[in-house]
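Participant: Input: one structure, supplied below.
Protein chains: 2
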Amino acid sequence: MSPILSVDLGGTQMRAALVDPDGGILLRHAEPTPRDASCPDALLMLVSEILEGAGVDEAVIGVPGRVHYGSGTLEHAPNLPPGWIPSLTEENLSEVLGLDAGLANDADLAAVGESRWGAGRGHADVVYVTVSTGIGAGVILGGLLAHGGRSLAEVGHTIIDRTALTAGAPATLEEQGSGTALERIAAEAGLDRSGAGLDEVVVGGDPTAVRTRGGVAGAGGVGGGYLAHLFSPEVVVVGGGVASAGDLLLEPIRAALARLGPRGLPAPIDVVRAMLGDDAGLAGAAGWSDAFVREASRV
Amino acid sequence: MSPILSVDLGGTQMRAALVDPDGGILLRHAEPTPRDASCPDALLMLVSEILEGAGVDEAVIGVPGRVHYGSGTLEHAPNLPPGWIPSLTEENLSEVLGLDAGLANDADLAAVGESRWGAGRGHADVVYVTVSTGIGAGVILGGLLAHGGRSLAEVGHTIIDRTALTAGAPATLEEQGSGTALERIAAEAGLDRSGAGLDEVVVGGDPTAVRTRGGVAGAGGVGGGYLAHLFSPEVVVVGGGVASAGDLLLEPIRAALARLGPRGLPAPIDVVRAMLGDDAGLAGAAGWSDAFVREASRV
Chain R
14 MSPILSVDLG GTQMRAALVD PDGGILLRHA EPTPRDASCP DALLMLVSEI LEGAGVDEAV
74 IGVPGRVHYG SGTLEHAPNL PPGWIPSLTE ENLSEVLGLD AGLANDADLA AVGESRWGAG
134 RGHADVVYVT VSTGIGAGVI LGGLLAHGGR SLAEVGHTII DRTALTAGAP ATLEEQGSGT
194 ALERIAAEAG LDRSGAGLDE VVVGGDPTAV RTRGGVAGAG GVGGGYLAHL FSPEVVVVGG
254 GVASAGDLLL EPIRAALARL GPRGLPAPID VVRAMLGDDA GLAGAAGWSD AFVREASRV
Chain V
14 MSPILSVDLG GTQMRAALVD PDGGILLRHA EPTPRDASCP DALLMLVSEI LEGAGVDEAV
74 IGVPGRVHYG SGTLEHAPNL PPGWIPSLTE ENLSEVLGLD AGLANDADLA AVGESRWGAG
134 RGHADVVYVT VSTGIGAGVI LGGLLAHGGR SLAEVGHTII DRTALTAGAP ATLEEQGSGT
194 ALERIAAEAG LDRSGAGLDE VVVGGDPTAV RTRGGVAGAG GVGGGYLAHL FSPEVVVVGG
254 GVASAGDLLL EPIRAALARL GPRGLPAPID VVRAMLGDDA GLAGAAGWSD AFVREASRV
């Protein structure tokens, strides 16, 4: 099999890689997302070097938004330049790149990457959650990506606190459990970090920092609990910038799953840190065509 | 195709039917669930009349609990006699009935029935939610049942109110949004119904009843919102005893989805009442083998 062109179109950075069929990254290139260029121009500039003489005939483009898989179009992506959205279709991308191009939600791609070659390896049912400024998720069931006509992109906007919602306070998983929430709550608590990262202050034992961290991780635990109740996966893989907190984040999620998660499972659901870091989505491109359930194979 | 034997093993009632390949019910029989009989005896007594001379070679047994589809066993079913659980395996059921028997979560079966022959007909992506004493759900994506090694059975136990959880108050979707919650909250509010159903009192305009109904429906809206964020279905089908409230229940869920649900959809998600009533699961048996994703077809 030939290597695959894998692209991650983020709101601040665009990355491209040449990926071998086992998810290994052979070549890579990154550029800031140019908000003043057209999408085709920016994309061609990004990938031209990688495509030179590489013999690639397939590309997968990851995007931070809701993909309508039925039509191969991008439906909603608040962090990309609005002008790009209409040109991000599989049809247009295939034409622009001269390749067979697939469009994928970035968390779905990372879920495929982590389940095939990362922390979810060897498991058939994997929930991947990415926690950074926002919160996203991708779900693998029986080795296949869970999706319908659309990607399962918007877990972060779920209400996890109805009392807060009624009071007009932050009430979604993202508003209570993301990196953005962590910064906001730390600032509201008047936490003086003197330039240190929050997690360093937590390790140092500052009670306000510990309480802030615990509260935000607890929101993550509630979010993890709802995905666990729904999918009863063998493993929950946590990635994204906030996952670098390691056990500071993972222990409260494990505790919440044990307390709030499904009853009567033969073994507790494992909660582990992602292994592939920022490369999960890039690597996932190599597993995409195997993991994606084509409409044609469906009833 | 031959008709299928369809069984719904509930905690208080067991029902069996002969179902034609289009989900039509040809014959039916019901018995109270005998908590003092063994499962094989109770099941044989229930189905013997239906099987007489019917030429059936396939059966689907629906159960109120988490099914491990990977092994065809029942993992957790708090409402069935505990002694029944070990005998509810596909292997054992096939032997007892002398048929090829499948084991299915009851909400999954009802989701298949409603999506093929009921209120979800014509849609590829359908979320089915049943609201009665408890809350369950089944999800159809691209015409196929969403499941991994296990059924997606426990949506009702999801935390929807973190503030309430911290306070030790009822905090799950089921505790705030089910028929049981409705009765509890009405009693706590001191509602005098003089024997009338709550929904009659709501229609009569009693402010306490309206507030109670609205609060419980609002919990349903939050639950519907989280399923909508995850699956972006074309339609949410609401069944179960509480669904008989019709628009009293559905309007607040529609309003919550419009306010809290996914952004940027080309059309709002439709929220409709189930059409097949108690027969959704029985009918679903006829669509089961088409909708169920066999392990063998997976990566």
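First to last, the protein sequences are chains R and V.
To convert, take the position in the first sequence, counting from 1, and add 13; that gives the numbering used here.
To convert, take the position in the second sequence, counting from 1, and add 13; that gives the numbering used here.
Each residue gets a CB set at the ideal place from its N, CA and C atoms; glycine is no exception.
Between which residues of its own chain and residue 178 of chain R is the CB-CB distance below 6 Å, once the five residues before and five after are set aside?
Facilitator: Closer than 6 Å at the Cβ level, and outside the excluded window around residue 178 of chain R, lie 172, 184.
Participant: Identify the continuous alpha helix (DSSP H) that holds residue 141 of chain R and give its terminal residues.
Facilitator: Note, residue 141 of chain R: premise wrong, no alpha helix (DSSP H); beta strand (DSSP E) at 139–144.
Participant: Could you check where the alpha helix (DSSP H) with residue 213 of chain R kicks off and where it finishes?
Facilitator: Element bounds for residue 213 of chain R: 211–216.
Participant: Does the Cβ of residue 27 of chain V have 16 or more other Cβ atoms within 10 Å, making it buried, or fewer, making it exposed?
Facilitator: Flag for residue 27 of chain V reads buried.
Participant: Could you check whether residue 93 of chain V and residue 192 of chain V sit closer than 8 Å to each other, using their CB atoms as the reference points?
Facilitator: Cβ distance not < 8 Å, so residue 192 of chain V and residue 93 of chain V don't count as in contact.
Participant: Taking a Cβ distance cut-off of 7 Å, strictly less, list which residues of the stretch 121–154 of chain V are near chain R, in chain order.
Facilitator: Cβ contacts with chain R come from 137, 138, 154.
Participant: Expressed to the nearest angstrom, what Euclidean distance is found between the alpha-carbon atoms of residue 296 of chain V and residue 125 of chain V?
Facilitator: Computed Cα separation, rounded: 8 Å.
Participant: Would you check if the stretch 223–235 of chain V and the stretch 267–278 of chain V touch, i.e. whether three or more CB-CB distances between them fall below 8 Å?
Facilitator: Touching, per the Cβ criterion.
Participant: Taking C-beta to C-beta, are residue 69 of chain R and residue 107 of chain R nearer than 8 Å?
Facilitator: Contact: no.
Participant: Give every residue of the same chain whose Cβ lies closer than 6 Å to the Cβ of residue 54 of chain V, excluding the five residues on either side of it in the sequence, and list them in chain order.
Facilitator: Result list for residue 54 of chain V: empty, nothing under 6 Å.
Participant: Just to confirm before moving on: does the CB-CB distance between residue 6 of chain V and residue 32 of chain V stay below 8 Å?
Facilitator: Since the first residue of chain V shown is 14 and the last is 312, residue 6 of chain V is not available in this structure.
Participant: Could you pull the start and end residues of the alpha helix (DSSP H) that residue 242 of chain V belongs to?
Facilitator: It spans 220–244 - the alpha helix (DSSP H) in which residue 242 of chain V sits, taken as one unbroken run.
Participant: Would you please verify whether the beta carbon of residue 171 of chain V is less than 8 Å from any beta carbon of chain B?
Facilitator: Any reference to chain B falls outside this structure, whose protein chains are R and V.
Participant: Does the structure place the stretch 249–262 of chain V close enough to the stretch 142–150 of chain V that three or more beta carbon pairs sit under 8 Å?
Facilitator: Verdict: yes, contact present.
Participant: Let me make sure I understand the geometry here. Which of V/37, V/162, V/133, V/167 has the alpha-carbon closest to that of residue 153 of chain V?
Facilitator: Taking only the C-alpha atoms, the option nearest residue 153 of chain V is V/133.
Participant: Leaving out five residues on either side along the sequence, give the residues of the same chain with a beta carbon under 6 Å from the beta carbon of residue 288 of chain V.
Facilitator: If we look at residue 288 of chain V and ignore the five residues flanking it on each side, its Cβ neighbours are 131, 132.
Participant: Can you list the alpha helix (DSSP H) stretches of 4 or more residues lying completely in the stretch 186–213 of chain V, in chain order?
Facilitator: As far as the stretch 186–213 of chain V is concerned, its whole alpha helix (DSSP H) runs of at least 4 residues are 186–190, 192–201.
Participant: Please report how far the alpha carbon of residue 309 of chain R lies from the alpha carbon of residue 155 of chain V, in whole angstroms.
Facilitator: Its pLDDT being 39, under 50, residue 309 of chain R is placed unreliably by the model, and nothing is read from it.
Participant: Exposed or buried, what is residue 292 of chain R when buried is set at 16 or more other beta-carbons lying within 10 Å of its beta-carbon?
Facilitator: It counts as buried.
Participant: Taking CB distances under 8 Å as the criterion, tell me whether residue 225 of chain V reaches chain R.
Facilitator: No, because no Cβ of chain R sits closer than 8 Å to the Cβ of residue 225 of chain V.
Participant: Any residues in the stretch 229–246 of chain V with a beta carbon nearer than 8 Å to a beta carbon of chain R? Which ones, in chain order?
Facilitator: Against chain R - using a Cβ distance shorter than 8 Å - the residues of the stretch 229–246 of chain V are 231, 232, 235, 238, 239, 242, 243, 244, 245, 246.
Participant: Does chain R have any CB closer than 8 Å to the CB of residue 99 of chain V?
Facilitator: With 8 Å as the cut-off, residue 99 of chain V does not count as an interface residue toward chain R.
Participant: Could you check what DSSP says for residue 170 of chain R in three-state terms: helix, strand or coil?
Facilitator: Residue 170 of chain R falls in the helix class under three-state DSSP.
Participant: Using a Cβ-Cβ cutoff of less than 7 Å, which residues in the same chain neighbour residue 82 of chain V once the five nearest sequence positions on both sides are dropped?
Facilitator: These residues qualify, in order along the chain: 160, 162, 163, 164.
Participant: Taking the beta carbon of residue 299 of chain V as the centre, do at least 16 other beta carbons fall within 10 Å, making it buried, or is it exposed?
Facilitator: That one is buried.
Participant: Curious, which full-length alpha helix (DSSP H) runs of at least 4 residues does the stretch 91–170 of chain R contain?
Facilitator: Those alpha helix (DSSP H) runs which fall completely within the stretch 91–170 of chain R and span 4+ residues are 103–110, 119–130.
Participant: Here's the rule: buried if 16 or more other CB atoms are within 10 angstroms of the residue's CB, otherwise exposed. What is residue 245 of chain V?
Facilitator: Label assigned to residue 245 of chain V: buried.
Participant: Is the shortest distance between the beta-carbon of residue 109 of chain V and the beta-carbons of chain R less than 8 Å?
Facilitator: Residue 109 of chain V does not count as touching chain R.
Participant: Assuming residue 75 of chain V and residue 113 of chain V form a contact by the criterion Cβ under 8 Å, report the distance between their Cβ atoms to the nearest whole angstrom.
Facilitator: Actually they are not in contact, since the Cβ atoms of residue 75 of chain V and residue 113 of chain V sit about 16 Å apart, beyond 8 Å.
Participant: Measure the C-alpha to C-alpha separation of residue 266 of chain V and residue 206 of chain R and round it to an integer number of angstroms.
Facilitator: In a straight line, the C-alpha of residue 266 of chain V is about 43 Å away from that of residue 206 of chain R.
Participant: From V/44, V/117, V/17, V/51, pick the residue whose C-alpha is nearest to that of residue 72 of chain V; which is it?
Facilitator: Nearest C-alpha to residue 72 of chain V: V/17.
Participant: From what residue to what residue does the beta strand (DSSP E) around residue 38 of chain R run?
Facilitator: That run of the beta strand (DSSP E) goes 38–45.
Participant: Since I believe residue 249 of chain R is in contact with residue 282 of chain R (beta carbons under 8 Å), could you give me their beta-carbon distance rounded to a whole number of angstroms?
Facilitator: Indeed, because the Cβ distance is near 6 Å, the residues count as touching under 8 Å.
Participant: Pick helix, strand or coil for residue 266 of chain R, following the three-state DSSP scheme.
Facilitator: Three-state result, residue 266 of chain R: helix.
Participant: Give a yes or no on whether 8 Å exceeds the smallest Cβ distance from residue 50 of chain V to chain R.
Facilitator: No, because no Cβ of chain R sits closer than 8 Å to the Cβ of residue 50 of chain V.
Participant: Does the separation of the CB atoms of residue 301 of chain V and residue 115 of chain V fall below 8 Å?
Facilitator: Yes, the pair counts as a contact, with Cβ atoms nearer than the cut-off.
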